[in-house]
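Visitor:
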């Protein structure tokens, strides 16, 4: 693994993660009030599960990220 060499606040090499966190905030965080850190932590874990297993991605051919990963693994074998 290579450490990012970009400057602070420069997300050129981290675009996919910046986009993911933007979607998480728009689709989950801003829509709910959290009463504790633990409640927020559970909500983030649940959203990541939803995003990977149930949220269809247009850029992946309207399948979930897990389905796409499994498809690529089968193709590579």
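In our numbering, the protein residues as written are 7 to 83.
The beta-carbon is built from N, C-alpha and C at its ideal position, and this holds for glycine as well.
Rounding to the nearest angstrom, what Cα-Cα distance links residue 48 and residue 35 in this structure?
Guide: Near 12 Å, if we compare the C-alpha coordinates of residue 35 and residue 48.
Visitor: DSSP beta-bridge partners for residue 69?
Guide: Note: residue 69 sits in a beta bridge opposite 63.
Visitor: Taking the alpha helix (DSSP H) that residue 30 belongs to, which residues open and close that run?
Guide: Run containing residue 30: 21-33, per the alpha helix (DSSP H) assignment.
Visitor: Roughly how many whole angstroms lie between the Cα atoms of residue 37 and residue 63?
Guide: In a straight line, the C-alpha of residue 37 is about 21 Å away from that of residue 63.
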